[in-house]
Every structure is written in structure tokens, then in C-alpha cells.
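Participant:
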Amino acid sequence: MKFRYFITLTLQTLIAFSALGGSAFALICLERQNTALATPKQSRWDETAPLVIVDAGHGGHDGGAVANGIIEKNLALDLARRLQRELESAGLRVRMTRSGDTFLSLEERAALAGTHQAAAFVSVHLNTDGEGSSAEGIETYFAEAQPLSARQFTQTSSGTKTVTSADFASTVQRMTCTTTKAQNRGTKARSYAVVAQAPCPAVLVECGFITSATESARIKRDAYRDQIAAGIARGVVLFLETQPKLVAEVTR
Ligand SMILES: [Zn+2]
């Protein structure tokens, strides 16, 4: 009797364990499947992909703005690095103006776009308002007066279309605000040297107000900075994808 009970118990244990093993196996298979699904989609660009200059604002002795425990140069570099990863995983080539805590003049930053024949230039900054201000949101700046080379002429079925930094700014602004759900403060024409002197479509993104208690708290979260970077990257990719000239070059 005792022996039979033991056998039954052993059998039950065995069945329970095989069921568990089966579930674990199923889970592993599912995990494999998910990983396969999560692999990046085929990029439309290869090694001749357009190059994007990513510029982390300030650096070195120029710390930029300071508020709510944030030093602009540090967060700008953090955001720039996240943006670099996003753009590279989308298949674009990236050149950073600075990858450490170093100082470069605005002219040197803009000139890198010419040196590397960049297709686009993105400068990353953080905004400020008066102390205790509740102003928040994202805004994107572009320069109306840029060298002629910054205007990209693309051939469309209805003729030649000129693509400018204003188009680039509105795409980046729209995608960044959609992704982050931040307040959309729009695009603004302002001749900041770093964007005015770049010989390619160029924007300066003010990624949020560090003077705002609520927005600075959001910006301190890694997940939110990932969203900002992903949003800007989506804007850059969308802008570059809609330029027939650049697409034609890489699909030749
Ligand atoms: Zn700044």
C-alpha cells in the first residue's frame, strides 16, 4: 500500500516536472521567436548611407545652462550619444562633433559638416527660462540664411523641389513631439552660427526646459531621454528618406 502510494507520488511528480519542462521549453522557443521578430528591419542604406553630424551643445569650459541639478553640456552629450545609437541602428552613418567633455567653437562644429560631406546636421541643446518658470516643451531652430549648398535640389515628377532646413526642422520637431508627447513649441527661424554656417540642412533641437521642475524631472529619466533621441532620429530618417536624390544615390 505504502509502496503503491510512493509510486503514485513519484509518477505525479514526474508528470508535474515534465509539464514544467515543457512550459520552459515553450517559453524558450517563444523567446527565440521574439528575438527573431525584434531584429532590425532591413535598412534602405548600406555603407554609402548619408552621414549625419550629431552635435552635443557646449562642452569643456562652456557648461551651458545650469538648473535643477542639471548641467546642460552633460545632458546634451548624453542625448547626442543616444541619438547616435538610434541613427546608426537605422543604417545611417554618424559623426559626433564631440564625444567627450571638450570645447569646440560653433564654427568648428558647423565646418565638420563640410569636411564629412554630411547630409544633415543636428545640434542638441536644453532650454531655459527664468528661475521658477513653468515653461516647458520642445522647439527646433533652423537658419533661413544658409550657404546655397545647404539647399538640396531634388528632382520630382512635377519639377525641381528645393529642400531646406525649414523642412528638416518641421519634420524633426513633429516626430520628436509625437514620440515624447512633450509640448510642441514649434519651429523657429534664428541664425544661430552653428546651424547658419553648416553647408547642409541643419537644425538645433532644444529638447526641453531644465528650469521647469516637472520637465527637468522627466529629462533626468533615462527612458525619457531615449524617447527624445528616438523621436529626433525618426525625424532625421524621415527627412532623408523623402529626398529622392539621396535615395537614388544609394539604390544605384
Ligand atoms: Zn545650449
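By the working numbering, the letter at position 219 of the sequence shown is numbered 217, and the numbering carries on one by one without gaps. Positions of the beta carbon are idealized from the N, C-alpha and C atoms, including for glycine.
(1) To the nearest angstrom, how far is the alpha carbon of alanine 187 from that of alanine 200?
(2) Between phenylalanine 184 and ligand 1, is there a pair consisting of the residue's CB and a ligand heavy atom that are separated by less than 7 Å?
(3) Touch check for the stretch 91 to 102 and the stretch 130 to 141: three-plus C-beta pairs under 8 Å?
(4) With distances taken between CB atoms, is the gap from isoleucine 51 to leucine 110 smaller than 8 Å?
(5) Find the nearest neighbour of threonine 95 within the set Ala74, Gly89 and Ser87, judged by alpha-carbon distance.
(6) Is glutamate 137 close to ligand 1? I mean its beta-carbon at under 7 Å from any heavy atom of the ligand.
(7) So, using beta-carbon positions, are histidine 123 and glutamate 70 closer together than 8 Å?
(8) How would you write the range of the alpha helix (DSSP H) that glycine 58 sits in, first residue to last?
(9) What is the residue span of the beta strand (DSSP E) that threonine 126 lies within?
(10) Let me know if glutamine 115 comes out buried or exposed under the rule of 16 or more other beta-carbons within 10 Å of its beta-carbon.
(11) Buried or exposed for alanine 108, going by 16 or more other Cβ atoms inside 10 Å?
(12) Please say whether threonine 178 and isoleucine 217 have beta carbons closer to each other than 8 Å?
(13) Could you check whether alanine 118 and phenylalanine 166 sit closer than 8 Å to each other, using their CB atoms as the reference points?
(14) Tell me which residues pass a beta-carbon proximity test against ligand 1: closer than 6 Å to any heavy atom, given in chain order.
Facilitator: Looking at the atomic coordinates:
(1) 11 Å
(2) Sequence inspection shows glycine at residue 184; the phenylalanine mentioned does not correspond to that position. No, since every heavy atom of ligand 1 falls outside the 7 Å radius drawn around the Cβ of glycine 184.
(3) no
(4) Yes, they are a contact pair.
(5) Ala74
(6) no
(7) yes
(8) Taken as a continuous stretch (DSSP letters only), glycine 58 belongs to no alpha helix (DSSP H), as it is neither H nor E.
(9) Careful: threonine 126 lies outside any beta strand (DSSP E) and carries neither H nor E.
(10) Per the 10 Å Cβ criterion, exposed.
(11) buried
(12) No, the pair does not count as a contact, with Cβ atoms beyond the cut-off.
(13) yes
(14) Gly55, His56, Gly62, Glu70 and His123
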